[in-house]
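The listed protein sequences derive, respectively, from chains A and B. Per numbering that gives the first Met the number 0, the very first residue in the first sequence carries number 0; after that it's consecutive. Per numbering that gives the first Met the number 0, the very first residue in the second sequence carries number 0; after that it's consecutive. By construction, the Cβ of each residue, glycine as well, lies at the ideal position given by its N, Cα and C atoms. Before any comments, here is the structure.
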Amino acid sequence: MQDPRIKRSVKEWADRERKNNPSFSLVVGDKALTIDQIIEHIEEETELGKQLYGMVVDTAVALLLPRQKPH
Amino acid sequence: MVLNIAPRWDGDVAVQYSFNWNRVLIETLQCDPVELLEEDATRSKFEAALKEHAIDTVIFYDHGSETGLVAQGGTGYIVDKNNADKLKGKEVFTMCCLAAVDLGKYAYRQGAKAWWGYTKPFSFIPQDEQIYMKLANMGLIERRTGGSWMKAYEKTYDAYTDTIERIREEGGNPWTIITLVNNRDCLVVWCNENPPETDCPFRYAAIGLFGLPGHKISRSYAVALSMNVLLLIYALYIHSSGWSPRGVTILLTLGGTQWWMFRKYLEALKT
């Protein structure tokens, strides 16, 4: 289950990005995603959407609770 | 000598970028590699190149999965578990998704000296291409300028962290930060300084018994070890019930198996 606060933050980012940087794209593996496609995948909780959502959560954790450099 | 492999085909965005990053890497290294680019990036040409040249380092840029390095056109694999043994004694530097999860570990256990790669999908923002390219290429550049694989890993990890912090302070795009954190945290190097962990109880026992060579003991070797223990028990039984031609045959077989295992053990120690 996805946290609605994270979904809302991603949507707010998308709104800003559409105005300021509409040509933005994100490449994950072999897929290139536009702003709308990012939102669509996260909203519909597709496999890729879950992966993107996981990346957001992982980043939040990594930045707030940095771990020791792995070996 | 370096073997550089970089497929590229139309209709796939990621390979256009990674191919260019690979060209920049080769220019930076100033080496004279054997190259398998685009249409030449096939399994048969890879295996032929390893036979024809004394390759010590293999570079691969483009797509990967947990079990293979994807060949030209996106169909089939250049390297998978069926030919990973050909990487024995070589250092492998990959810039592709996922292959370090399974194939990289397997190749290391089959005798590859090192495997540099990623355990999750590699992601990037094309608008910030230069940042990703610099960090993706950094490991091999550090390694080739005299550092160990672990030193190269530590420098690359720190460079990722510094870049992430700088972009945060500058209020950069959050997806640039997200992808950089993701790429940094799924970057691994499997080498003797950092062998992959195992969840196999038999390999865990082998590591306990033999130390580092235990990481490289193959399944056939483990089976032979078990067979040998059974033969030993049987031979003791024969011995305790008196010598016979049958008992001597079994003891000779046991000796041969032990000799074979000893040679395998020595080979594992060398790599």
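Beta bridge counterpart(s) of residue i as assigned by DSSP
{"i": "E37 (chain B)", "result": "Answer by DSSP bridge pairing: none, since E37 (chain B) is not bridged."}
{"i": "I176 (chain B)", "result": "Per DSSP, none; premise fails for I176 (chain B)."}
{"i": "M94 (chain B)", "result": "B:Y60"}
{"i": "Y117 (chain B)", "result": "B:L186"}
{"i": "V78 (chain B)", "result": "B:L68"}
{"i": "A31 (chain A)", "result": "A:V26"}
{"i": "L2 (chain B)", "result": "B:V33 and B:V57"}
Within chain A, partners of residue i - CB distance below 9 Å
{"i": "P195 (chain B)", "result": "Neighbours of P195 (chain B) on chain A: none; closest Cβ ~12 Å, over 9 Å."}
{"i": "Y159 (chain B)", "result": "Those do not exist, as Y159 (chain B) stays about 11 Å from chain A at its closest Cβ, beyond 9 Å."}
{"i": "F123 (chain B)", "result": "L25, V26 and V27"}
{"i": "Q126 (chain B)", "result": "N20, S22, F23 and S24"}
Own chain residues within Cβ distance below 7 Å of residue i, not counting five before or after
{"i": "G72 (chain B)", "result": "W8"}
{"i": "R142 (chain B)", "result": "W148 and A151"}
8 Å contact criterion, which residue i and residue j should meet: CB distance rounded
{"i": "F123 (chain B)", "j": "T178 (chain B)", "result": "6 Å"}
{"i": "V91 (chain B)", "j": "A106 (chain B)", "result": "6 Å"}
{"i": "L211 (chain B)", "j": "P194 (chain B)", "result": "7 Å"}
{"i": "E65 (chain B)", "j": "L102 (chain B)", "result": "7 Å"}
{"i": "D31 (chain B)", "j": "D29 (chain A)", "result": "With 8 Å as the limit, D31 (chain B) and D29 (chain A) do not qualify as a contact, their Cβ atoms being about 31 Å apart."}
{"i": "V23 (chain B)", "j": "M132 (chain B)", "result": "6 Å"}
{"i": "A113 (chain B)", "j": "L68 (chain B)", "result": "With a Cβ gap of about 15 Å, A113 (chain B) and L68 (chain B) do not count as contacting."}
{"i": "V57 (chain B)", "j": "L2 (chain B)", "result": "5 Å"}
8 Å Cβ cut-off: residues of chain A touching residue i
{"i": "H62 (chain B)", "result": "G28 and D29"}
{"i": "E153 (chain B)", "result": "K68"}
{"i": "P120 (chain B)", "result": "V27, G28 and Q50"}
Cβ-Cβ distance between residue i and residue j below 7 Å
{"i": "T93 (chain B)", "j": "G116 (chain B)", "result": "yes"}
{"i": "V27 (chain A)", "j": "P173 (chain B)", "result": "no"}
{"i": "T256 (chain B)", "j": "N227 (chain B)", "result": "yes"}
{"i": "V187 (chain B)", "j": "A61 (chain A)", "result": "no"}
{"i": "K87 (chain B)", "j": "G63 (chain B)", "result": "no"}
{"i": "I38 (chain A)", "j": "F23 (chain A)", "result": "no"}
Chain-ordered neighbours of residue i on chain B, where CB pairs are closer than 7 Å
{"i": "A61 (chain A)", "result": "V180 and D184"}
Cβ-based neighbour list, residue i, same chain, cut-off 6 Å, excluding 5 preceding and 5 following
{"i": "L32 (chain A)", "result": "L25"}
{"i": "G246 (chain B)", "result": "I237"}
{"i": "Y60 (chain B)", "result": "A5, S17, N21 and M94"}
{"i": "L47 (chain A)", "result": "H40"}
Chain A residues whose Cβ lies nearer than 7 Å to that of residue i
{"i": "W148 (chain B)", "result": "The contacting residues do not exist; W148 (chain B) stays about 11 Å from chain A at best."}
{"i": "C96 (chain B)", "result": "G28"}
{"i": "V12 (chain B)", "result": "V26 and A31"}
{"i": "P173 (chain B)", "result": "W12"}
{"i": "I177 (chain B)", "result": "M54, V55 and T58"}
Contact set between residue i and chain B, taken where Cβ atoms lie within less than 9 Å
{"i": "D35 (chain A)", "result": "Within chain B, no residue comes near D35 (chain A); the closest Cβ sits about 14 Å away, beyond 9 Å."}
Spatial neighbours of residue i in its chain, beta-carbon cut-off 8 Å, leaving aside the 5 residues before and after
{"i": "G53 (chain A)", "result": "none"}
{"i": "K104 (chain B)", "result": "W114, W189 and P195"}
Proximity test, Cβ basis, 7 Å: residue i and chain E
{"i": "G28 (chain A)", "result": "Considering every chain present, this structure includes no chain E. Its protein chains are A and B."}
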